[in-house]
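In the UniProt record's numbering, the protein residues as written are 1 to 170.
Ideal placement from N, C-alpha and C gives every residue a C-beta, glycine not left out.
Please read the structure below before turning to the comments.
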């Protein structure tokens with residue numbers, strides 16, 4: 001203790017150090033009831049076009065009453081994949097319903113729909129492949145918050161974005 005000031009130890013006993021800007025959570029165990037479902041249907045419409053439909057849902061509640069925190073909402077969507085020769089295209093549309101089955105001090109989240117699309121040209125180069133692509137994410141520029149995220153109030157999902165690129169596989 002001689003080389004350290006008295007404040008180095010005594011001032012911090014029993015205190016939790018954390019930033020005032022981020023929330024601090026304490027989770028405890030308890031008896032709960034969980035149930036849900038997940039379903040997926042894929043259909044090869046033609047030799048070039050494949051579509052997929054999917055959904056999932058979880059219900060989680062405390063046996064003594066109340067809902068568990070950070071449970072994702074009902075989700076459903078469809079994906080279309082078109083591929084012919086060296087060209088491919090994808091379109092994904094996913095709906096996240098609102099989540100208002102919330103725990104004490106938790107905030108509800110609004111529902112939102114995400115639309116993503118991409119196109120690609122796959123060019124064989126000898127035994128390798130080079131792909132030129134264009135991608136668009138959140139094409140409707142929807143404000144979206146992930147209910148199961150600790151940072152949902154501070155950091156929504158990214159807005160509309162586009163990317164062009166080249167990818168090589170060697």
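Selected residue, minimal CA-CA separation from residue i, among the options
i: residue 27; options: 137, 68, 132, 117; result: 68
i: residue 124; options: 168, 43, 24; result: 168
i: residue 126; options: 150, 153, 170; result: 170
i: residue 33; options: 150, 161, 65; result: 65
i: residue 101; options: 93, 70, 82, 86; result: 70
i: residue 46; options: 149, 73, 56, 82; result: 82
i: residue 103; options: 61, 111, 128, 48; result: 61
i: residue 165; options: 39, 37, 35, 120; result: 120
i: residue 42; options: 35, 36, 50; result: 50
i: residue 132; options: 153, 160, 156, 87; result: 87
i: residue 39; options: 48, 30, 58; result: 58
i: residue 37; options: 31, 25, 21, 54; result: 54
i: residue 156; options: 142, 31, 122; result: 142
Beta-carbon gap between residue i and residue j smaller than 7 Å
i: residue 136; j: residue 108; result: no
i: residue 114; j: residue 138; result: yes
i: residue 111; j: residue 94; result: no
i: residue 148; j: residue 72; result: yes
i: residue 75; j: residue 56; result: yes
i: residue 48; j: residue 84; result: yes
Counted within 10 angstroms of its Cβ, other Cβ atoms place residue i as buried (16 or more) or exposed
i: residue 23; result: exposed
i: residue 144; result: buried
i: residue 140; result: exposed
i: residue 96; result: buried
i: residue 99; result: buried
Test: residue i CB closer than 7 Å to a CB of chain C
i: residue 157; result: Here chain C cannot be found, since the structure has a single protein chain.
Beta-ladder partner(s) of residue i, from DSSP
i: residue 59; result: 35
i: residue 46; result: According to DSSP, which records beta bridges pairwise, residue 46 is partnered with nothing at all.
i: residue 77; result: 54, 94
i: residue 165; result: 133
i: residue 124; result: 129
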